[in-house]
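All residue numbers for the sequence shown refer to the working numbering, where the first residue is 170 and numbers rise by one.
Even for Gly, the Cβ is constructed at its ideal location relative to N, Cα and C.
This one's a predicted model, so the numbers in the text were calculated from it and none came from an experiment.
See below for the structure under consideration.
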Amino acid sequence: MRKNKIIFDAKKTFDEFKPDLDSSLQNTSKVAEVREITSPANVVSEDKKINVSTDEELTEKSERIHPVINTEIFQMIDEYVKTLSISKEGITPISVDEIASRIARFYETIRKVVDWKEDNVLRRGAIVRILKRLLFTKVSRLSINKKVNPDDLAEVVTKELIRGGHLPNNEVPREKIPVVAMSIAKYLFFFDAISSSSLFKDNIKKQANFTTFLFEIAACEVEEILANPVKEYVLLETMTRIMEDLIKIIPSDGISSQEKRNQVFIACCRTLYDLDDAFIIYRLLEIEHPDWRNPKSEILSKRYEQIVTFWQTSDMILNHPQARNFKRACAQLKPIFTLLNDFLEEQKGNLSETLTNVENEDKFEEILGKIYDKRFLTLKRRLFRLGVFSTLSVFLSNWVTFFIVEVPLAKLFYEGFNLFTAFIDFLIPTAVMFVLVIIIRPPAKTNRRKVLEAVNSIVYQYGKKRYFEIRINKKSHSILKGTMMLLYLFMTWLVFTITAATFYFAGLPITSVVFDTFTIALTVFAAVIIRTRSKELSIDEKTTIHEFVLDMISVPIAKVGSFIAAKWKEYNVVEILFNYLVESPFVAIVDAIEEWSQFLKDRKAELH
């Protein structure tokens, strides 16, 4: 009875809200059309499961063939130009106060140091924070009144993203707010359904993890609606299609075609844009259920059951036994599609000339050369910025953990810190991060010619294709494999022992020795990720001796750091404190500043 009541209430919220959106959805049908055109669903879904393309659509695509340009690249350019050429007449842009926006952007800079997230997840992270803050009383069951207005939530989320600099001011159409509201209404239904689910009844941790999962998926959907990532989607679709053709499975029936499509798509997401698991899961969810964005109210209960099942099984897809081999193959094409990404971005202001520029091979190579040079310079700046932000983040984290964790633990075991041990406690983790990032170097000068030639091989039909083999059930010598595993474990033990010994002989309390040793693992893990990101322009780069030695030392400890980072995500107390004790009053102050600024503008307008 309780379960039926909750589902009825949530459905009522959705049903009451949905009719009001019909006119808005008509106005935004072009946006939905854009998402459908650029979705990689027709790449990774299987015909038996999802009939993505009709016969007419397939015939139309087959006719879109260019005599010089590769078919996949030609179709990518064609769809990109057509999509961005859609008229934007009748759009009412959302505007926020510039003074309040500057203050909010300053706060977001601080959050970047605290959260220490990649640029491509900062906006989604902001959406998750906003939704958690606004829905805290609802999901924690602290509120008696469960009624939440999705329209109000959608407007607050959109305006806060614009104020924080995550979306451009005076550009986001107000017509998108009702679409965001419908999306949020669906997730409100899911949040209500959690309390009546037998799966989470006696497991608070599992309930909390699933709630976080829902917030992350909702953030992906809201971001997709507001940001409309046309370029990113057409590039992912094209790269997936090309890599699916270039990767050969040995034997051919080693994995199903559906598995191959999914794994190629996942690998493309991870290599091209370094997308996280939340985004990948959301895209796979949309592929599995094409009506996910706008389901009928009568099937919401079914959709809830499906997302729970998807949450339980997604790890098997994301952590496929061959995932690393697919990723290694797709990484070979990352420099190519990185330059194509910048090329499409540059052509935004001159869409009519996009195809012409590619048809003229000499001009295209000249444009790509300039794009490479520009990306090369920005890579240097980004590496420096990453070094600064990552070092600051480690230093700031040390301050927090030192006073909140290490000092109380030391006192508990009748130990303490002096000036020297405190200095060592701060210095070593910060110095390790700084050194590991500062030694990263951009690619060599000879890499430029290699990348431009590789782009031509993909863009033009005459290009020589490079195929990749993935062998399933590859035989390996058990003795050799066991020896390498023992060596790997020995290196892990050795690095941890040396690290712990350094802290111990420096005189740190034993509790801090343990704590700081695992902090070093987290630091090295982050540095290895940054180093991997720095290879975005490198093609066929040989591993040097010092890189081999560095990998031998850093990879084992980084693996441990990866595990700790995943657990830290579940119990990030610092983030919770910032979200509710700092961000909530800060947002109230920014709202007051914006209201006061608008009040002054109104009074000023009365003067004549």
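Would you kindly work out how many angstroms separate the C-alpha atoms of residue i and residue j, rounded to a whole number?
i, j, result
"Leu357", "Asp320", "12 Å"
"Pro262", "Phe687", "48 Å"
"Pro504", "Glu455", "28 Å"
"Ile573", "Gly676", "20 Å"
"Ser421", "Pro398", "34 Å"
"Asp511", "Arg332", "26 Å"
"Ile449", "Thr692", "25 Å"
"Ile255", "Met245", "16 Å"
"Lys230", "Ser707", "Any reading at Lys230 needs caution, since the residue's pLDDT is 48, under 50, leaving its predicted position unreliable; the model's value is listed next. Approximately 33 Å, taken between the alpha carbons."
"Asn529", "Glu390", "38 Å"
"Thr252", "Pro342", "16 Å"
"Thr525", "Val237", "12 Å"
"Ser214", "Thr327", "At Ser214 the pLDDT is 37, less than 50, meaning the model places this residue with poor confidence; the figure from the coordinates comes in the next sentence. Answer to the nearest angstrom: the Cα atoms are 31 Å apart."
"Ala735", "Ala387", "20 Å"
"Ala362", "Lys316", "14 Å"
"Glu515", "Ala500", "23 Å"
"Lys345", "Ile299", "18 Å"
"Ile758", "Thr306", "21 Å"
"Thr599", "Gly294", "25 Å"
"Glu467", "Ser364", "20 Å"
"Ser426", "Ser483", "18 Å"
"Phe553", "His646", "43 Å"
"Glu535", "Asp542", "11 Å"
"Ala670", "Glu705", "36 Å"
"Lys650", "Lys643", "13 Å"
"Leu591", "Asn567", "In the sequence under discussion, the amino acid at residue 591 is Ala, which differs from the Leu named in the question. Looking at the two C-alpha atoms, the distance is approximately 10 Å."
Thinking just about the alpha-carbon of each residue, which of the options is nearest to the one in residue i?
i, options, result
"Phe384", "Asn397, Val403, Ala354, Lys400", "Ala354"
"Phe595", "Leu581, Phe564, Pro577", "Phe564"
"Val349", "Leu776, Leu336, Phe360, Ala323", "Ala323"
"Glu716", "Arg700, Gln481, Asp709, Arg497", "Arg700"
"Val604", "Arg550, Phe684, Glu535, Ala695", "Ala695"
"Cys438", "Ala591, Ile714, Tyr451", "Tyr451"
"Val718", "Thr240, Tyr657, Phe732", "Tyr657"
"Lys374", "Lys517, Glu457, Ser309, Glu705", "Ser309"
"Arg302", "Val325, Leu291, Leu776", "Val325"
"Glu474", "Gly294, Thr666, Ser367", "Ser367"
"Phe612", "Ala669, Arg544, Val601, Glu534", "A small correction: the amino acid at residue 612 is Pro; Phe does not occupy that position in the sequence shown. The option with the nearest alpha carbon to Pro612 is Arg544."
"Val250", "Lys517, Phe558, Asn567", "Lys517"
"Phe359", "Asn372, Leu304, Thr440", "Leu304"
"Asn463", "Leu649, Tyr673, Ile667, Pro347", "Pro347"
"Ile593", "Leu776, Leu663, Lys643, Phe674", "Phe674"
"Trp480", "Gln630, Gln376, Thr671, Asp371", "Gln376"
"Thr668", "Lys633, Ile714, Lys614, Val601", "Val601"
"Leu663", "Asn616, Pro725, Lys539, Gln630", "Pro725"
Cβ of residue i within 8 Å of Cβ of residue j?
i, j, result
"Phe495", "Ala436", "yes"
"Leu548", "Leu621", "no"
"Ser521", "Ile609", "no"
"Phe369", "Phe382", "no"
"Leu116", "Val624", "The structure shown does not extend to residue 116, since the chain spans only 170 to 777, so no value can be given for it."
"Gly730", "Ala761", "no"
"Val477", "Leu555", "no"
"Leu336", "Ile296", "no"
"Leu415", "Arg618", "no"
"Ala498", "Met408", "no"
"Glu393", "Arg292", "no"
"Val527", "Val403", "no"
"Met654", "Met721", "no"
"Asp445", "Leu487", "no"
Within its chain, find whatever has a CB closer than 7 Å to the CB of residue i; leave out the 5 residues flanking it on each side and keep chain order.
i, result
"Ile168", "Residue 168 is absent from the model: the chain starts at 170 and stops at 777."
"Gln432", "His489, Gln491, Ala492, Phe495"
"Cys579", "The residue asked about is misnamed: residue 579 is Ala in this sequence, not Cys. Closer than 7 Å at Cβ, skipping near neighbours: Gly585, Phe586, Pro678, Thr680, Ser681."
"Trp461", "Leu454, Glu455"
"Thr240", "Ile234"
"Asp709", "Lys619"
Output needed for residue i: all residues of its chain with C-beta closer than 6 Å, excluding positions within five of it in sequence on either side, in chain order.
i, result
"Val697", "Ser723, Ala727"
"Val212", "For Val212, the pLDDT reaches just 36, beneath the cut-off of 50, and the residue's location in the model is therefore unreliable, leaving the point undetermined."
Does the distance between the C-beta of residue i and the nearest non-hydrogen atom of the ligand MN fall short of 7 Å?
i, result
"Leu454", "Among the components modelled here there is no ligand, and therefore nothing to report on the ligand MN."
Looking only at its own chain, which residues have a Cβ that is under 8 Å from the Cβ of residue i, when we skip the five neighbours before and after it?
i, result
"Val265", "Lys328, Ile331, Arg332, Asn338, Glu763"
"Phe684", "Thr570, Val574, Glu575, Leu578"
"Phe582", "Pro678, Ile679, Thr680"
"Leu395", "Thr327, Leu330, Leu336, Val341, Lys345, Val349"
Is there a Cβ of chain C sitting closer than 8 Å to that of residue i, yes or no?
i, result
"Arg640", "In the structure shown, chain C cannot be found, because there is only a single protein chain."
**Request:** Would you list, in sequence order, the uninterrupted alpha helix (DSSP H) runs of no fewer than 4 residues that lie entirely inside the stretch 587–668?
**Result:** Runs of the alpha helix (DSSP H) spanning 4 or more residues and lying entirely within the stretch 587–668 occur at 588–607, 616–628, in chain order.
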